[in-house]
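Sequence lines, in order, name chains E and G.
Under our numbering, the first residue of the first sequence is numbered 29, with each subsequent residue one higher.
Under our numbering, the first residue of the second sequence is numbered 2, with each subsequent residue one higher.
Ideal Cβ placement from N, Cα and C applies to all residues, glycine included.
All of these numbers come straight from a predicted model, not from anything done at the bench.
What follows is a single structure, written as C-alpha cells, with notes after it.
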Amino acid sequence: MTIDEIKNVVLEIIQDIDDEADLENLNSGEALRDQLDLDSMDFLDIVMELRKRYQIQIPEADYPQLATLDSCVNYLTPRLKAA
Amino acid sequence: MPQLSEDQRIVITGVGLASPNADNLQDYRSNLLAGQSGISEMELRYIGKVPAGLCTFPETKYRKKKENKRGTRAGCLGVYVANEAMQDAGLDGFSQYAQNRTGVYIGLTEHGTVETENEIYNLSQFEYNTDFWSHHHNPRTVLNNPAGEITMNLGISGPHYSIGGACAAGNAAVIQGAQMLKLGEVDMALAGGISESTGSFGIFASFKAEGALGVHQDPTKACRPFDTGRNGIVVSEGACVFVMERLDKALARNCRIYGELVGYAMNSDARDFVLPYGPRQAECMQLALDRAGLKPEDIDIINTHATGTKQGDIEECNAIRSLFKNCPHTYVNNTKSIIGHAMGAAGVLELAGNLPAFADNQVHPTINVDTLDPECALPNLVTNEPRQLETVKTILNNSFGMVGINSVVIVKKMTST
Chain E
29 MTIDEIKNVV LEIIQDIDDE ADLENLNSGE ALRDQLDLDS MDFLDIVMEL
79 RKRYQIQIPE ADYPQLATLD SCVNYLTPRL KAA
Chain G
2 MPQLSEDQRI VITGVGLASP NADNLQDYRS NLLAGQSGIS EMELRYIGKV
52 PAGLCTFPET KYRKKKENKR GTRAGCLGVY VANEAMQDAG LDGFSQYAQN
102 RTGVYIGLTE HGTVETENEI YNLSQFEYNT DFWSHHHNPR TVLNNPAGEI
152 TMNLGISGPH YSIGGACAAG NAAVIQGAQM LKLGEVDMAL AGGISESTGS
202 FGIFASFKAE GALGVHQDPT KACRPFDTGR NGIVVSEGAC VFVMERLDKA
252 LARNCRIYGE LVGYAMNSDA RDFVLPYGPR QAECMQLALD RAGLKPEDID
302 IINTHATGTK QGDIEECNAI RSLFKNCPHT YVNNTKSIIG HAMGAAGVLE
352 LAGNLPAFAD NQVHPTINVD TLDPECALPN LVTNEPRQLE TVKTILNNSF
402 GMVGINSVVI VKKMTST
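The structure is reproduced here in C-alpha cells:
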C-alpha cells in the first residue's frame, strides 16, 4: 500500500467510528485525540479494525506510535507494504 | 390508604417511553385506545422471520451516533426515555434535584445476551480466534450497563443499577425507586425497564423450544392473550422510565402528578422454572392491596400480565377471579396484545399506557380476542374496543416472570392530598 492509501485507510476507520469527525481540518502532525472526539476505547477500535482488515497485530507498547495521523502512517507503512 | 406523611408518599411526575407503536405517551395512548398494533415481522439471524415489536424513535436526539455505536441498544433506548421523562416532568437541567441525589433503577429481564451473540457471530468470521473478541464486550454486558449509560448521558452521580427480575423487572424497579425515595437515599428516582431482547435469536429460539413463541400469518394478530387461538409470546423491544419523587417536593414545585404509587408487592412462586402459579400471583395482588389499604372492589382497572401462553393466561385469570369475584366495577385489560411482550420494560410500559385513564376515564382494549377462551372469560374483560367508565381512580398492574417472580403495583389518581 502507498502512503496515501494507508492514510485513507486510517481516516476511513476513524470516520466509521465517528461519522461526525471533522477530518477535513485534521492536522496530520498533531495528536488525533487533541483534535477529535476519540478516547482509549476508540483507539482500540482502530487497532481491532486494522487486525480484522490486514491481520496485523499491534502490541500495546506500540500504541503511542498511533498518536498522530503521520505517526500512524509511519508505523503502518512497513507493516502494510505487501497489503 | 394508611396515613403516611407527604415525604413518605411517592408520586410519578414524568413519563418517557419507546414502544413498538409510539415514542411518546400521547401517541402511545391514542394507539392503545385505537388498538393499533405495533407488531411487525423481522428477520433474525439463524431463526428467520418472526413476529416482533420494534421501536422507532429519534435515536440521536440526546446523544451522538458515535455513542450509540459504542453502547448497547438498551442504553440507546434508556438514554432516550430517561431524557424524555425528565423533560416531561419539567426537570431537565436538574433545576430542582441534584445529580448526586438522583438514582437510576432499571429493570431488565436479561442483559448481555444480544451483545454476546453478536460477538460470537463476529468471532465465527475469524475462525473463532479470540484476538477478534471486542474490547467493548465487558462494558456492554455488565448488568448495570443500561442504567449506567443513562447516568453518563445525564451526568447523574447518584446510585445506578439494574434490577434483574425476569419479566417482573419493570415493576420491581419502580418499587426499588419508591423504597430508595422513602429511605431518603435519593430525592429523585428514574425508575423503569428496558428490553433489547429482539436482538437475540436465542430468546426467540428458546421460547420456540418451549412451545411458547407466538406466531401468526399476520404479525399484528400474533399476540392474542385470552383468545383460544393464542400460541405464545411475541417478543418486543421497548423502554419506559418514570420520574418518581416524594409528594411533598412534587407539591412544592406545583408539577403535574400522573398518580401516586399507593401499593406494591413482590413475592416468589417457589415452585417451577417456567410455569406461573396463580395462587401466588393472587397473594401478591393481595399484599399490594393491603399495603395500599384498598379492597379489591376499590380497583378500577386491572392491567394484566398475560402474555398469550395457554397456561399463563389461565393462571392469571384464576388469580384475578379468586380476588375480584365480587367486583362488578373492576375492569380488566391487556396491553401486550397491542405491543407484544417488552420483557423487562413490560410492566412499566403497560402501566404507562394506562395512566392516562385517570384523565380520559377509558380502559384501552385487549385486541385480537376473536374467540374468548372460556377459562379466561373474566367479567368486565375489555376486548377489541375501549370502554368508557364514569371515573378511573385506581390501576393495578401485574407483572410476572420466569423462575417464579411476581410483582404488583397499584397507582391511584391524585385528587387531593
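Whether residue i touches residue j by CB criterion (8 angstroms)
i, j, result
"G:A167", "G:Q177", "no"
"G:V236", "G:A353", "no"
"G:R247", "G:D93", "no"
"G:A19", "G:V82", "yes"
"G:V175", "G:F243", "yes"
"G:L390", "G:I303", "no"
"G:T73", "G:Y259", "no"
"G:F208", "G:G233", "yes"
"E:L97", "E:S56", "yes"
"G:G36", "G:I340", "no"
"G:S323", "G:A266", "no"
"G:K419", "G:P226", "Within the shown structure, residues of chain G are numbered from 2 to 418, placing residue 419 of chain G beyond reach of any answer."
"E:D46", "E:D65", "yes"
"G:D89", "G:V16", "yes"
"E:A89", "E:L60", "no"
"G:V275", "G:T305", "no"
"G:P297", "G:F325", "yes"
"G:G230", "G:D371", "yes"
"G:M1", "G:T199", "With chain G covering only 2 through 418, there is no way to say anything about residue 1 of chain G."
"G:S158", "G:N101", "yes"
"G:G313", "G:S196", "no"
"G:T384", "G:P366", "yes"
"G:A293", "G:I411", "yes"
"G:G171", "G:S400", "yes"
Collapsed DSSP secondary structure at residue i in the structure displayed
i, result
"E:Y103", "helix"
"G:P140", "helix"
"G:P220", "helix"
"G:M403", "coil"
"G:D299", "helix"
"E:E40", "helix"
"G:T392", "coil"
"E:V75", "helix"
"G:E68", "helix"
"G:G239", "strand"
"G:Q363", "strand"
"G:I368", "coil"
"G:N255", "coil"
"G:R247", "strand"
"G:I204", "helix"
"G:P226", "coil"
"G:K311", "helix"
"G:L350", "helix"
"G:A170", "helix"
CB contact below 8 angstroms: residue i versus chain E
i, result
"G:R71", "yes"
"G:H138", "no"
"G:S125", "no"
"G:D132", "yes"
Chain G contact for residue i (CB, 8 angstroms cutoff)
i, result
"E:K35", "no"
"E:L60", "no"
"E:E118", "Outside the modelled stretch of chain E, which goes from 29 to 111, sits residue 118 of chain E, for which no answer is possible."
"E:M29", "no"
"E:D65", "yes"
"E:L72", "yes"
"E:I45", "yes"
is_contact[residue i, chain B] using C-beta, thresh 8 angstroms
i, result
"G:S135", "Reference to chain B is not applicable here, since the protein chains of this structure are E and G."
| Interface residues of the stretch 76-90 of chain E facing chain G [CB-CB below 8 angstroms] | M76, R79, K80, Q85
| query | According to a CB-to-CB cut-off of less than 9 angstroms, which residues of the stretch 55-81 of chain G neighbour chain E? | reply | K65, K66, K67, K70, R71
| task | Please determine if the stretch 59-76 of chain G and the stretch 149-158 of chain G are in contact, where contact requires at least 3 C-beta pairs separated by less than 8 angstroms. | result | yes
| query | Counting Cβ pairs, one atom from each stretch, are 3 or more of them under 8 angstroms apart for the stretch 134-142 of chain G and the stretch 105-125 of chain G? | reply | yes
| query | Taking three-plus beta-carbon pairs below 8 angstroms as touching, is the stretch 375-387 of chain G in contact with the stretch 403-411 of chain G? | reply | no
| message | For the structure I just gave you, are there three or more beta carbon pairs, one from the stretch 20-36 of chain G and one from the stretch 262-279 of chain G, closer than 8 angstroms? | response | no
| message | For the stretch 212-227 of chain G against the stretch 49-63 of chain G, do three or more pairs of beta-carbon atoms, one drawn from each stretch, fall closer than 8 angstroms, so that the two count as touching? | response | yes
| field | contact_flag[the stretch 101-111 of chain E, the stretch 57-69 of chain G] where n(CB pairs < 8 angstroms) is 3 or more | value | no
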